[in-house]
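Undergrad: Okay, handing you the structure first.
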Amino acid sequence: MVYQTLKVTEADGVATITLNRPDIMNALSRQMRAELTQALRAAHAQRCIVLAGAGRAFCSGQDLTDAQALGAFDVEATLRDEYEPMLRAITDAPVPVIAAVNGVAAGAGANLALACDVVIAAESASFIQAFTRIGLIPDAGGTYSLPRQIGMARAMGATLFAEKISARQAADWGMIWEAVPDAEFPAVVAARAATLAMGPTLAYAALKTALRGSFERDMPAQLALEARLQGKCGASDDFREGVAAFLGKRPPAFTGR
Ligand code: T3D
1 MVYQTLKVTE ADGVATITLN RPDIMNALSR QMRAELTQAL RAAHAQRCIV
51 LAGAGRAFCS GQDLTDAQAL GAFDVEATLR DEYEPMLRAI TDAPVPVIAA
101 VNGVAAGAGA NLALACDVVI AAESASFIQA FTRIGLIPDA GGTYSLPRQI
151 GMARAMGATL FAEKISARQA ADWGMIWEAV PDAEFPAVVA ARAATLAMGP
201 TLAYAALKTA LRGSFERDMP AQLALEARLQ GKCGASDDFR EGVAAFLGKR
251 PPAFTGR
């Protein structure tokens with residue numbers, strides 16, 4: 001599949017989707033949202049997905065020239081019909097999705113990254129909840145993910161002041177998994193992706209289901225869900241292989257089944 005706004009590569013079970021409009025910091029146009037949703041869904045067949053940005057930014061959020069050009073822009077419909085399917089293609093992916101944040105992630109670009117399962121940022125990267133700067137509230141899942149990830153006080157401050165949050169601060173707050181030195185960033189992302197692509201994919205899908213909805217369930221419901229999901233994992237080839245590898249003192253060769 002050829003995309004106008006993305007670069008997509010596949011190797012060794014890893015699909016790398018790169019937002020590719022570097023001249024405007026990979027802003028999300030209508031076309032990019034449609035292509036990204038399609039590319040993410042296609043990548044569900046791989047064993048790990050990496051979402052990255054071309055050039056010096058990860059993503060600057062909504063393409064504001066697109067919004068202006070469209071005139072009477074129906075923001076509610078855009079969020080419902082274009083942003084939600086794109087974000088659900090990440091959260092509902094049956095494989096881990098890594099956001100490789102190479103540079104600034106602003107507005108919906110920040111929340112696109114935060115929707116991913118693991119966020120790895122270069123130390124020079126930053127996150128900006130830019131919405132109130134232009135008279136909007138955080139969207140693209142920001143009002144859902146931020147209080148859960150960094151707590152209400154920081155979510156309030158980050159969105160009201162709309163200040164730049166460094167990658168290091170984001171990691172210290174628990175907003176992202178890790179901030180790594182710029183020189184090591186590509187190698188760390190590649191190594192993390194390779195680890196996940198060789199992992200027990202079935203268990204990864206189950207743990208995403210268990211963790212992602214856990215704030216909405218009480219303890220008994222969560223225990224029941226864990227038992228049901230673990231029942232599936234316990235019947236998998238990967239569980240048998242994991243135990244055999246442990247007892248045989250060798251690395252496991254997971255197949256994702
Ligand atoms: O509308 C709806 O559907 C609702 C949904 C809203 C979701 C949202 O995401 S709202 C928030 C939208 N995003 C922003 O408000 C961020 C706007 N961008 C910036 O604040 C800054 O560009 C950055 C902090 C991201 C980077 O700053 P800097 O100084 O490193 O770069 P720059 O010079 O500002 O940007 C470089 C170019 O990219 C520049 O174009 P030029 O002057 O070289 O021709 C700039 O206009 C362009 N650009 C950056 N962000 C966007 C953009 N063009 C269109 N849309 C953008 N979001």
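Using our numbering, the first residue of the sequence shown is number 1, and each one after it goes up by one.
Idealized CB from N, CA, C, for every residue including glycine.
The model shown is predicted, which means the values in this text are computed figures rather than measured ones.
Which ranges does the beta strand (DSSP E) cover as unbroken runs of at least 3 residues, wholly within the segment 139–178, from first to last along the chain?
TA: With a minimum length of 3 residues, the continuous beta strand (DSSP E) runs that stay inside the segment 139–178 are 164–166.
Undergrad: Does the Cβ of A158 have 16 or more other Cβ atoms within 10 Å, making it buried, or fewer, making it exposed?
TA: In the sequence shown, residue 158 corresponds to position 158, counting from 1. Counting Cβ neighbours within 10 Å, A158 comes out buried, since at least 16 surround it.
Undergrad: Alpha carbon to alpha carbon, how far is A162 from Q149?
TA: Here residue 162 refers to the residue found at position 162 when the sequence shown is read from its first residue. Here residue 149 refers to the residue found at position 149 when the sequence shown is read from its first residue. Each residue's alpha carbon lies about 17 Å from the other.
Undergrad: Is M86 near R33, with beta carbons less than 8 Å apart?
TA: Mapped onto the sequence shown, residue 86 falls at position 86. Mapped onto the sequence shown, residue 33 falls at position 33. A contact, by the Cβ cut-off of 8 Å.
Undergrad: Counting beta carbon pairs with one atom in the segment 138–149 and one in the segment 99–111, are three or more of them shorter than 8 Å?
TA: Yes: at least three Cβ pairs fall under 8 Å.
Undergrad: Is the number of C-beta pairs between the segment 162–172 and the segment 192–212 that are closer than 8 Å three or more?
TA: Cβ pair count under 8 Å is below three, so no.
Undergrad: Report the rounded CA-to-CA distance for N20 versus C59, giving the unit in angstroms.
TA: Taking the first residue of the sequence shown as 1, we reach residue 20 at position 20. Taking the first residue of the sequence shown as 1, we reach residue 59 at position 59. Spanning the two alpha carbons is a distance of roughly 9 Å.
Undergrad: Within 10 angstroms of the Cβ of R80, are there 16 or more other Cβ atoms? Answer buried if so, exposed if not.
TA: For the purposes of this step, residue 80 is taken as the residue at position 80 of the sequence shown. By the 10 Å Cβ count, R80 comes out exposed.
Undergrad: Residues bridged to L6 by DSSP?
TA: The sequence position of residue 6 within the sequence shown is 6, counting from 1. Beta-bridge pairing links L6 to L19.
Undergrad: Below 8 Å between beta carbons: does that hold for F267 and P138?
TA: Absent from the model: residue 267. The displayed extent of the chain is 1 to 257, so no value can be given.
Undergrad: Is any non-hydrogen atom of the ligand T3D found closer than 7 Å to the C-beta of Q169, if you look at the structure I gave you?
TA: What you label residue 169 is simply residue 169 of the sequence shown in a count that begins at 1. Checking the Cβ of Q169 against the ligand T3D gives no.
Undergrad: Counting only the same chain and skipping the five closest in sequence on each side, list residues whose C-beta sits under 6 Å from that of L56.
TA: Indexing the sequence shown from 1 puts residue 56 at position 56. The question names Leu, but residue 56 is Arg in the sequence shown. Counting only Cβ-Cβ distances below 6 Å, and skipping sequence neighbours, we find G103.
Undergrad: What are the uninterrupted segments assigned as alpha helix (DSSP H) that are 4 or more residues long and contained completely in the segment 29–93, given in chain order?
TA: Counting only runs of 4 or more, we get 30–43, 64–69, 75–78 and 84–91.
Undergrad: Excluding the 5 residues preceding and the 5 following Y83 in the sequence, name in chain order all residues of the same chain whose CB lies nearer than 6 Å to its CB.
TA: Working through the sequence shown from its first residue, we reach residue 83 at position 83. The residues are A140.
Undergrad: For I137, write down the residues that DSSP places opposite it in a beta bridge.
TA: Position 137 of the sequence shown, counted from the first residue, corresponds to residue 137. I137 is not bridged to any residue.
Undergrad: Whose C-beta lies closer than 6 Å to the C-beta of R133 among residues of the same chain, with five residues either side of it excluded?
TA: Walking along the sequence shown from the start, residue 133 turns up at place 133. Around R133: A162.
Undergrad: What is the DSSP secondary structure of F127, counted as helix, strand or coil?
TA: Here residue 127 refers to the residue found at position 127 when the sequence shown is read from its first residue. Note: F127 maps to strand in three-state DSSP.
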